[in-house]
């Protein structure tokens, strides 16, 4: 698959199964994330990989957050199961360094670019994934569990595995609805 085809046909696939990327494939995914735009070479990223027992640890973190909010039982049960939708979940974190020329927002965007690059690297190697966000990534319990400080933020949970279905066709979009020229 060439790079342009990969980018123009990007889709998230939520049905994922074993195996998860490992070895050289996983190294390539991480290396792709490390190539995200990085103003002032701050390397504003952390990647926390959960697989095997790590998925249960991630589930426990999310459950603690839901329980801290006195969430209904159905919500707690949903977050408890969430990490098990794929054999691997990478929590992508913007690790912010105070810098006079690089605001926190730019570092958050850099981490978002890292997540996108990692998903594309997974797809290029025959794996698939989806990028999840949601209120739990902003929750103080979750921040504490991941050791976030100051303006650090989780930019998403990247679920990775082997595709369990064929991706739907990418919808065509009218470029004129999104593009303007000055």
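In the UniProt record's numbering, the protein residues as written are 1 to 182.
Every residue gets a Cβ at the ideal spot worked out from N, C-alpha and C, and that includes glycine.
Every value quoted in this text rests on a predicted model; they were computed, and no experiment measured them.
Requested in this report: Kindly indicate which residue of 65, 111, 84 and 54 has the alpha-carbon position closest to the one of residue 30.
Outcome: Taking the chain shown and counting its residues from 1, the one referred to as residue 30 is at position 30. The shortest C-alpha separation from residue 30 is found at 111.
Report task. Starting from residue 161, follow its DSSP beta bridges and name the residues at the other end. Result -> Along the chain shown, read from residue 1 onward, the residue named residue 161 stands at position 161. Checking the DSSP bridge columns, you'll see residue 161 partnered with 128.
Query raised in the report: When you compare only the Cα positions, how much space is there between residue 80 and residue 24?
Result: Looking up residue 80 in the chain shown gives position 80. Looking up residue 24 in the chain shown gives position 24. Approximately 30 Å between the Cα atoms of the pair.
Query raised in the report: With 16 as the cutoff for other CB atoms within 10 Å, does residue 72 come out buried or exposed?
Result: One-based indexing of the chain shown puts residue 72 at position 72. By the Cβ neighbour-count rule, residue 72 is exposed, with fewer than 16 other Cβ atoms within 10 Å of its own.
Query - Bounding residues of the alpha helix (DSSP H) (the contiguous stretch that carries residue 29) - result: The sequence position of residue 29 within the chain shown is 29, counting from 1. If you look at residue 29, you'll find it in the alpha helix (DSSP H) that goes 23 to 33.
Query - Cα-Cα separation, residue 50 to residue 91 - result: As a working mapping, residue 50 is identified with position 50 in the chain shown. As a working mapping, residue 91 is identified with position 91 in the chain shown. A direct Cα-to-Cα measurement between residue 50 and residue 91 gives close to 8 Å.
Query raised in the report: Which class does residue 85 belong to by DSSP, given the choice of helix, strand or coil?
Result: For the purposes of this step, residue 85 is taken as residue 85 along the chain shown, with counting starting at 1. Annotated three-state conformation of residue 85 is helix, per DSSP.
Query - Counted within 10 angstroms of its Cβ, other Cβ atoms place residue 105 as buried (16 or more) or exposed - result: Here residue 105 refers to the residue found at position 105 when the chain shown is read from its first residue. Label assigned to residue 105: exposed.
Requested in this report: Specify whether the stretch 47 to 63 and the stretch 121 to 134 touch according to this definition: at least 3 beta carbon pairs, one from each stretch, less than 8 Å apart.
Outcome: In the pairwise beta carbon analysis, the stretch 47 to 63 is classified as not touching the stretch 121 to 134: fewer than three pairs are separated by under 8 Å.
Query raised in the report: In three-state terms, what does DSSP make of residue 179?
Result: The count along the chain shown starts at 1 and reaches residue 179 at position 179. In the structure shown, residue 179 falls within a coil segment according to DSSP collapsed to helix, strand and coil.
Query raised in the report: Expressed to the nearest angstrom, what Euclidean distance is found between the alpha-carbon atoms of residue 158 and residue 114?
Result: Against the chain shown, residue 158 aligns to sequence position 158. Against the chain shown, residue 114 aligns to sequence position 114. Between the alpha carbons of residue 158 and residue 114 lies a gap of roughly 11 Å.
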